[in-house]
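Residue numbers (the numbering used here), protein chains in the order written: chain A, 142 to 392; chain B, 1196 to 1695.
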């Protein structure tokens, strides 16, 4: 893992996390697309938006953010392809971009694309996204590859354990994507309200987080997830205060 | 409380209050990360099952799905990785793969480029006839047909065939998942050069396009290492320069169109391979130099994931390599080649002494082009090339693709050769203008090492936000190219003088 002290890149222009997207300003629902590198995230993005974004068997292909319009059943969604990350712990520029978008741009839903062949590592990101926002839909991708490797994933059980909808898919062949969009729309419209089962930390951490969250309430006035911000302050994340300050000043 | 000025201070105070917590003697951050990962693994294991009828031990007891899948991964792809990323074999395999790639391109591009050349220049003759029949003024014919059309034809004939073969093959490797292995193999070399291991990734992307490679440098977080990667990205030949290298290698080292073609193709492949390796070596050396002087520091650590090998999809590869790469590069080249061709024609036909009137054809001597070329000639000769080639490199700043076509335009419109019948005569044009294998070698080296193209420079400026670093990114490679070419040319002259 990278040393967190290398993140605040002095002298280099920051990769702007929240460039105003013309698509997003139109009042259409915004859906973020997150996932580990090389899970087929860009393939899902291309399939849903009809764009021919360059995909490659190559972790780190998507460095910047891409926006695209997804049209389905007369509805239009703005899809935002976030850089692939293993976590949202702000270890790198990509992780800060992805985290800040989910946290500050507050998309109407976030799809997390997970690789069915290495679920253990991928679910970690799902849990971290769910800590920020409950409106999460998991796209369980590459189930064909998993099957070839002899892994069968019980999607309903996964949905129950995570507390968020899980849609199995083979994005390369377009399988499961209609279901994915339908599920996302249901979440956007509030017909489905995911209730993520979040990991509980040690008693000391949780009580302290609750206390800080209460202190934060008047300041964040519901614009950010209080518990999540409190947890970041407790863990001593060096980037969170800067991110909050910048977002606030930018309006 | 919501005042943006006091809020950060308030948050800092809250954070200070909250810090220092330890859970069972563990740092609180470690505790939180650990909790997250444990929970993720717990859920993953509870929801994964060995698929019915899967390879070995389908009846194995349930709790070991992760372990058993890891065992099965030790199958072909794991063994392939053992080979492709082994310290010595990995590098040898890399050389082999690149060699085969270049060889296929060289051999395959030969015939279609001759055919295409004949076709396009035949069409040019037809256009000339049309202009004559319409009694068009000579300058119009010269500007449009001899200037714009002919340089376009050169660009297409020289570049399209190698691109149409090289890009699909390169995309195939990319899709299969080979490039991250290359990055893995080179990682330790970059680390030893004081640069970031991820620079091996951005360098590999530079093979496609240096501007893309420079953008990819965003994956490197440390500004110091990112600058090293940005400044040195141009030392690997991009899509725009590969066709030039391949064409020159096959003409001067592969005996294009001469008997014994197989041996020639192997020799030409070896030359291109050697150039690529030289590019990588220069990348490492210059990185080392920068890391030891202006950009001092300790390399940071990172995790590089080797993605699974995936079966490439032929249809998608064709579409992507033809449309996204071949046509993209070709269009860009053509857009710049047409005006550049017109410019070169004007330069070759307007004489300095009589700039007011455009003559129907220069009588030689003191046209703008010949004046510029003769001004650059001493430097060109010093670097083993000539004034026209240097003019080509300067005019080719917007896009490296057009350097060779522009040079050819310079030669042909200066009247040394009136009729050019196709790519087969490319060698003829060059030899008639005094080219030898040494000239070709120096041009290839200069092309490999010189200043990045205009697009890349603009990208570097956008990425670094600094004129100083952009200037360095242009000057440093130029200095390297000048040094290397001067050494090679001078060395060759010494050898010739010593052993006549």
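Even for Gly, the Cβ is constructed at its ideal location relative to N, Cα and C.
| Item | Value |
| --- | --- |
| Whose Cβ in chain B lies nearer than 7 angstroms to the Cβ of residue 285(A)? | The contacting residues do not exist; residue 285(A) stays about 11 angstroms from chain B at best. |
| Tell me, which residues are paired with residue 213(A) by DSSP? | 216(A) |
| Select from the segment 338 to 357 of chain A all residues with a C-beta closer than 7 angstroms to any C-beta belonging to chain B, and list them in chain order. | 340, 342, 343, 345, 346, 349, 353 and 356 |
| Taking the CB atoms as reference points, tell me whether residue 1668(B) and residue 1431(B) lie closer together than 7 angstroms. | no |
| Considering Cα atoms alone, identify which of 1665(B), 1518(B), 1298(B) and 1577(B) is closest to residue 1689(B). | 1577(B) |
| Rounding to the nearest angstrom, what Cα-Cα distance links residue 248(A) and residue 274(A) in this structure? | 9 angstroms |
| Determine the chain A residues that contact residue 1232(B) at a beta-carbon separation under 7 angstroms, and present them in chain order. | 265 |
| Over the uninterrupted beta strand (DSSP E) stretch that includes residue 187(A), give me the two end residues. | First-last for residue 187(A): 182 to 190, but that is the alpha helix (DSSP H), not the beta strand (DSSP E). |
| Would you mind stating whether residue 1644(B) and residue 1679(B) have Cβ atoms separated by less than 7 angstroms? | yes |
| Could you list the residues in the segment 225 to 250 of chain A with a C-beta less than 9 angstroms from some C-beta on chain B, going in chain order? | 227, 228, 230, 232, 233, 234 and 235 |
| Tell me, which residues are paired with residue 234(A) by DSSP? | None; residue 234(A) has no bridge partner. |
| Would you mind telling me which residues of chain A sit closer than 7 angstroms to residue 1566(B), beta carbon to beta carbon, in chain order? | Neighbours of residue 1566(B) on chain A: none; closest Cβ ~43 angstroms, over 7 angstroms. |
| Let me see if you follow: with CB-CB separation under 7 angstroms, is residue 1245(B) close to chain A or not? | yes |
| With H, G and I counted as helix, E and B as strand and the rest as coil, what does DSSP make of residue 320(A)? | helix |
| Alpha carbon to alpha carbon, how far is residue 1423(B) from residue 1266(B)? Give it in angstroms, no decimals. | The predicted position of residue 1266(B) is uncertain, since its pLDDT is 48 and thus under 50; no value can be drawn from it. |
| If contact means a Cβ-Cβ distance below 8 angstroms, which residues of the segment 1395 to 1418 of chain B contact chain A? | 1396, 1410, 1411, 1413, 1414, 1416, 1417 and 1418 |
| If you follow the alpha helix (DSSP H) that residue 1621(B) is in, where does it begin and where does it stop? | 1621 to 1627 |
| Are the C-beta of residue 1203(B) and some C-beta of chain A separated by less than 7 angstroms? | yes |
| What does residue 330(A) touch in chain B if you count any residue whose Cβ is under 7 angstroms from its own? | The contacting residues do not exist; residue 330(A) stays about 27 angstroms from chain B at best. |
| Who are the neighbours of residue 1235(B) on chain A, taking C-beta pairs under 7 angstroms? | 261, 264, 265 and 268 |
| Using a Cβ-Cβ cut-off of 7 angstroms, state whether residue 1242(B) counts as contacting chain A. | yes |
| Where residue 1485(B) and residue 1579(B) are concerned, what is the direct C-alpha to C-alpha distance, given to the nearest angstrom? | 28 angstroms |
| Quick one, are the C-beta atoms of residue 1402(B) and residue 1394(B) less than 7 angstroms apart? | no |
| Have a look at 341(A), 340(A) and 324(A) and flag the residue whose alpha-carbon is nearest the alpha-carbon of residue 334(A). | 324(A) |
| Identify, in the order they occur along the chain, each residue of the same chain with its Cβ nearer than 7 angstroms to the Cβ of residue 1363(B), setting aside the five sequence neighbours on each side. | 1512, 1513 and 1516 |
| Is the shortest distance between the beta-carbon of residue 291(A) and the beta-carbons of chain B less than 7 angstroms? | yes |
| DSSP three-state label for residue 282(A), please. | strand |
| Keeping to the same chain, check which residues put their C-beta closer than 6 angstroms to that of residue 369(A); ignore five residues upstream and five downstream. | 272 and 273 |
| Residue 1470(B) CB to nearest chain A CB: under 7 angstroms? | no |
| I want to see whether chain A comes within less than 7 angstroms of residue 1218(B), judged by CB atoms only; does it? | yes |
| Can the beta-carbon of residue 1429(B) be found closer than 7 angstroms to that of residue 1412(B)? | no |
| Taking Cβ positions only, does residue 1380(B) come closer than 7 angstroms to chain A? | no |
| Going straight from the alpha carbon of residue 1345(B) to that of residue 1338(B), what length do you get? | 10 angstroms |
| Which of the three DSSP states, helix, strand or coil, is assigned to residue 1245(B)? | strand |
| Tell me where the beta strand (DSSP E) around residue 293(A) begins and ends. | 292 to 294 |
| Classify residue 1207(B) as buried or exposed, calling it buried when 16 or more other Cβ atoms lie within 10 Å of its own Cβ. | exposed |
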